[in-house]
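Undergrad: Structure below; questions to follow.
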Amino acid sequence: MPSYAPFATHDAPARPAEPATAHVPQLDVAGELLALLRDTGTEPRPDTQLEALTLAVAADLPVILWGEPGIGKTAALTQLAASLELPLTTVIASVHEPSDFSGLPIVGDDPAEQGVPMAPPDWAVRLVRAGRGLLFLDELSTAAPAVQAALLRLVLERRIGSLRLPPEVRIVAAANPRSSAADGWELSPPLANRFVHLQWAHDHEVVVRGLGGTWPRATLPRLSPDALPQAVEFARRAVCGLLSARPALVHRLPSNEARRGGPWPSPRTWDMTLSLTAFATAAGSSREVLSALVRGTVGDGPGLELLASLDRMDLPDPELLLADPASAVLPERGDLRQAALDGVVAAVRNRPERPRWDAAWELLVRALETGAPDLVVVPATTLASLRQEDWDVPAAIEQLAGVVSLSRRADRAAARTAAAAQARR
Amino acid sequence: MTAGTQESRRTPAAPLPLDVDKLFAARLHAARVRPYLATALFALHTVESRRVPTMAVDRHWRCYVSPAFVAATPVEELAGVWVHEISHLLRDHHGRGDRVARERGLTGPGERLRMNIAADCEINDDVFGEGLARPEGAVDPRGLGLPEGELMEDYLRQFRLGPRTQDLAWLDCGSGADGLEREWDLGPEGAHGLSAQQQDAVRFRVAQGITGRPGDAPQGWQRWAEEAFHPPQAWRELLGAAVRSAASGPGTGQDYTYGRPSRRSAGVPGAVLPSLRRRPPRVTVIIDTSGSVSDAELGSALLEVAAISRSVGGRRDLVSVLSCDAAAGVAHPLCRAEGIALIGGGGTDLRSGFARALRARPRPDVVVVLTDGQTPWPAARPACRTVVGLFPRRHSRGSWSEDDPDYVPDSPPAWARTVEIGSSCG
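Chains as they are written, first to last, in our numbering: chain A, 511 to 935; chain B, 2 to 427.
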């Protein structure tokens, strides 16, 4: 810098300033820049994936995270370990040999007499000594088959050589989906059946905001101690209710290629579903979270059936509605409302008594006043057909006259459509 | 049509109250003629809106209704519009629209309008009729000069905005149809929206209703119901996974062996540790060269298999190709993808192909069969892993069935892993 040269001898304050920048080691400047880059804030944001993972880990079930490489699975595990206050041990499966997981043989003086002990690796010893921790088995799908076999023993039996992991240690595995896995490993159906499968995907909005300096901070579910007995009761009722009505759902091997290596229903996975439902209920988690867990355990179809039957369990009890029609609260959503009304009519059909019949009409009038009229048509028609000879028409029916005209209007539209179709032919 | 609606058609500017009875009579009619859609129809939350041109849905399953449109449209046509709008939501057009936009880099309202038109084409070709009137001005593929029965993604490739779509510019089914937020949308915070899980639950119940009584629903809905929760995966990925897992499973490819001591053995004197060894898999591809498989199909599948075998570490000389019709041809090592002579045509008997492939020394680790399945299969499981790439032949569409409509070929046996090739997303 020639322009500074003339001042250098006269201007004393300028002199230390320049060498100061020149003498600071470049790595320190780089460190400053890194510190600035890492200075990011967080904001609370509900995170369904992380909440589901937390519950599955809390329920002590083996979890497998499926996600493309570089999507933030490790970052999520770090956050989870911090929130559960567990030390995190990450083991990259693909750089290990099978003997690292099944134990290294140590030949003693007299192997024939004393046997050859299988010595565990140091991370396992440290984990056992700590007594608790989160063990993260990364890159499960890129390890060689023999390594995977050894790892699965670790995941399922919690054994490393002669060492047994304490129950306080929780295990999570991660794998790349088979489309992006270089070695194309996939779970065979018996193994797939032992895991809770969680799909890990990135949220575009979260990534952009995070790179801009604000990462999300998930509020993790907390189990409420008071809710535990109800949660167990609810979960048992939900799962048993579904399985007694649909015995075919208890065990169903995946049949087609697209579903291989994924979750499928079996008594084992239903048992897992039961625990997960109880955990999600006790934590007050949303249906989204429960849906991810249940579908990741028994598969999409059976999982959705369970969720649908939970929706039905949420419907108001027809007997309670009939007991007090004046203060009945019907569901807001149309399809659920109609299901509730159908339930009421079915209850009257099961035990046809005059007061119940009248109460049902009152309920229909209430439904008409508070919601869409077309929902009332089918229950009203069915209820009218339940009338017995000596029952008088209740006054409430007059208020339902609009429903009849609505129904006629739909009939006329149907007739016109049919006539038009006839004419076109 | 009543006199009242005629009048209102002439004076659309006057602010009309929403004719709730008419709107819901139409929904009732729709639910009666399409009972399998009733759950979904009733789950929609209606919102009166004067900014919507006709009826529109958003991604949270709300339905925005223009009072003027309801007044001007007969009940039976309104019913058609109800079914049309619910179809957008059931078929997840907003999610698929977003995906297509990301994949193909489509931006701007013009592209979203094209998505809306393409989605309408997918719905309208088989949703009307059978008691449901077609609303006036409904877009259909034939009007745009396009074939029927395709998916929104396919239609999107086939037309541009131009003179033919000029009168469709007013068309607007809302953000539920194309994923673009509208000014009238109440957004995720607004009341009575359905969460993603609730939407899935409704879809599931509708799909169950259709698969439970398949006779009642048109083919488009049946196809939707089959795929609602298991969208067809790209065959390349499935075939790749099947070949890779066959070629790298225990016994082939790379694994530990006790045949050679491990380098770690020095630390553990007296113990034998396994070492990692690599044995590139031998892959034999049997190609069905009967007349029923087209060259283009074969070419793409063959290139795929060759690329996969290379990626799992197979050397070129370990991949051989065998063309097979009634008598198996000669096995060629795969030197250049374009250099394979495909001899044949006519009938197929894959049993001779298998016999020849297994006679080779050394034996192949994996046999990949590319066929349309119109062939007898070996009775017993061969002594190697088998992957079948199957070119599906739909009984309704293919011309082959015209000669002998009753002929149903054997499906690939259970011991082979079967991947259907050439389904819609490829």
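Glycine residues also receive a C-beta, built at the ideal position from the N, C-alpha and C atoms.
1. Are the C-beta of S50/B and some C-beta of chain A separated by less than 8 Å?
2. Specify, as a first and last residue, the run of the beta strand (DSSP E) that L575/A falls within.
3. Using alpha carbons as the reference points, say which of A44/B, R63/B, A41/B, T40/B lies closest to S50/B.
4. Run down chain A in chain order and give the residues with a C-beta less than 9 Å from the C-beta of E227/B.
5. With burial defined as no fewer than 16 other Cβ atoms inside 10 Å of the residue's Cβ, what is the status of R382/B: buried or exposed?
6. So with Cβ pairs under 8 Å, would you call D845/A a contact of chain B?
7. Is there a C-beta anywhere in chain A that falls below 8 Å from the one on R395/B?
8. Pull out every residue of the segment 887-901 of chain A whose Cβ sits closer than 7 Å to any Cβ of chain B, in chain order.
9. Using a Cβ-Cβ cut-off of less than 7 Å, give me the residues of the segment 790-816 of chain A that come near chain B, in sequence order.
10. Rounded to whole angstroms, what's the CA-CA distance from P764/A to G811/A? Just pull it up for me.
11. Touching or not, the segment 135-144 of chain B and the segment 70-85 of chain B, by the rule of three or more beta carbon pairs under 8 Å?
12. Hey, does L916/A have any beta-carbon neighbour from chain B nearer than 8 Å?
13. How is I87/B classed by DSSP in three states: helix, strand or coil?
14. With C-beta atoms as the reference, is S196/B less than 8 Å away from E798/A?
15. By a C-beta neighbour count over all protein chains shown, 10 Å radius and 16 as the cutoff for buried, is H46/B buried or exposed?
16. What do you get for N703/A, buried or exposed, if any count of 16 or more other CB atoms within 10 angstroms of its CB means buried?
17. Just curious, the alpha helix (DSSP H) that G867/A is in, first and last residue?
18. Consult DSSP for D648/A and reduce its assignment to one of helix, strand or coil.
19. Which of the three DSSP states is assigned to S915/A in this structure?
20. Here's a check: name, in chain order, each residue in its chain whose Cβ is nearer than 7 Å to the Cβ of A692/A, leaving out the five neighbours to either side.
21. Determine whether the Cβ of R861/A lies closer than 8 Å to any Cβ atom of chain B.
22. Check whether the Cβ atoms of V875/A and L910/A sit closer than 8 Å, and answer yes or no.
23. What alpha helix (DSSP H) runs, 4 residues minimum, are completely inside the segment 29-59 of chain B?
24. Below 7 Å CB to CB, which residues in the same chain sit around R395/B once its five sequence neighbours on both sides are set aside?
25. What does a CB cutoff of less than 6 Å around V389/B pick up in its chain, not counting 5 residues either side in sequence?
26. Which residue from G853/A, R866/A, P699/A puts its Cα closest to that of H761/A?
27. Please report the straight-line C-alpha distance between T791/A and A307/B, rounded to a whole angstrom.
28. Beta-carbon separation of I670/A and P572/A under 8 Å?
29. Is D648/A closer than 8 Å to V601/A when the C-beta atoms are compared?
30. Would you kindly work out how many angstroms separate the C-alpha atoms of D20/B and F205/B, rounded to a whole number?
31. Mind checking S754/A: buried by the 16 CB within 10 Å criterion, or exposed?
32. Short of 6 Å in beta carbon distance, which residues of its chain neighbour G98/B, apart from the five on each side in sequence? Order them along the chain.
33. Between A338/B and chain A, is the shortest Cβ-Cβ distance under 8 Å, so that the two count as touching?
34. From what residue to what residue does the beta strand (DSSP E) around G390/B run?
35. Would you kindly report the start and end of the unbroken alpha helix (DSSP H) that includes W461/A?
36. Between V71/B, L162/B, R214/B, which lies nearest to V227/B when the distance is taken from Cα to Cα?
TA: Considering the structure as presented:
1. Not closer than 8 Å to any Cβ of chain A, the Cβ of S50/B fails to qualify, so no.
2. Note, L575/A: beta strand (DSSP E), 573-576.
3. Taking the Cα of S50/B as reference, the smallest distance to any Cα among A44/B, R63/B, A41/B, T40/B is reached at R63/B.
4. Under the 9 Å cutoff, chain A gives no residues; its nearest Cβ is about 11 Å from E227/B.
5. Exposed: under 16 other Cβ atoms inside 10 Å.
6. Among the CB atoms of chain B, one or more fall inside 8 Å of the CB of D845/A.
7. Residue placement at R395/B is flagged as unreliable, the pLDDT there being 49, under the threshold of 50; the coordinate-derived value follows with that caveat. Contact of R395/B with chain A is not assigned, every C-beta pair being separated by 8 Å or more.
8. Among the residues of the segment 887-901 of chain A, those with a Cβ less than 7 Å away from any Cβ of chain B are V887, in the order of the chain.
9. Here the close residues are R797, E798, S801, D810, G811, L814.
10. When rounded, the distance between both Cα atoms is 11 Å.
11. Proximity of the segment 135-144 of chain B to the segment 70-85 of chain B meets the contact definition, three or more beta-carbon pairs being nearer than 8 Å.
12. Against chain B, the CB of L916/A has a partner CB under 8 Å away; the residue lies at that interface.
13. For I87/B, the secondary structure class from DSSP, reduced to helix, strand or coil, is helix.
14. Yes, these two residues count as a Cβ contact at 8 Å.
15. Flag for H46/B reads buried.
16. N703/A should be labelled buried.
17. The identity of residue 867/A in the sequence shown is Trp, whereas the question assumes Gly. Residues 864-880.
18. D648/A falls in the strand class under three-state DSSP.
19. Assigned with DSSP and collapsed to three states, S915/A falls in helix.
20. Note that A692/A has pLDDT 47, beneath the 50 cutoff, so the model's placement of it is unreliable and the number below is only indicative. Cβ neighbours of A692/A beyond the five flanking positions: T652.
21. In terms of beta-carbon proximity, R861/A stays away from the interface with chain B, with every pair separated by 8 Å or more.
22. For V875/A and L910/A, yes; Cβs fall inside 8 Å.
23. Complete alpha helix (DSSP H) runs here, min 4: 39-44.
24. Because R395/B sits at a pLDDT of 49, beneath the cut-off of 50, its placement in the model cannot be relied upon, and the following sentence gives the value as read from the coordinates. Closer than 7 Å at Cβ, skipping near neighbours: no residue.
25. Correct list, in chain order: V370, P413, A417, T419.
26. Ranking G853/A, R866/A, P699/A by Cα distance to H761/A puts P699/A first.
27. Straight-line Cα distance between these residues: approximately 51 Å.
28. No.
29. Result yes, Cβ atoms of V601/A and D648/A sit closer than 8 Å.
30. The alpha-carbon separation between D20/B and F205/B amounts to approximately 32 Å.
31. Classification of S754/A: exposed, given that the 10 Å Cβ count is below 16.
32. When the five nearest sequence neighbours on each side are left out, the beta carbons in the same chain lying within less than 6 Å of the beta carbon of G98/B are those of M116, D179, G180, in order along the chain.
33. Confidence in A338/B is poor, its pLDDT being 45 and thus under 50, which makes the residue's placement unreliable; the coordinate value appears in the next sentence. So, not an interface residue.
34. It spans 386-391 - the beta strand (DSSP E) in which G390/B sits, taken as one unbroken run.
35. Past the edges of chain A, shown from 511 to 935, lies residue 461/A, and the structure says nothing about it.
36. The question names Val, but residue 227/B is Glu in the sequence shown. Out of V71/B, L162/B, R214/B, R214/B has the C-alpha closest to the C-alpha of E227/B.
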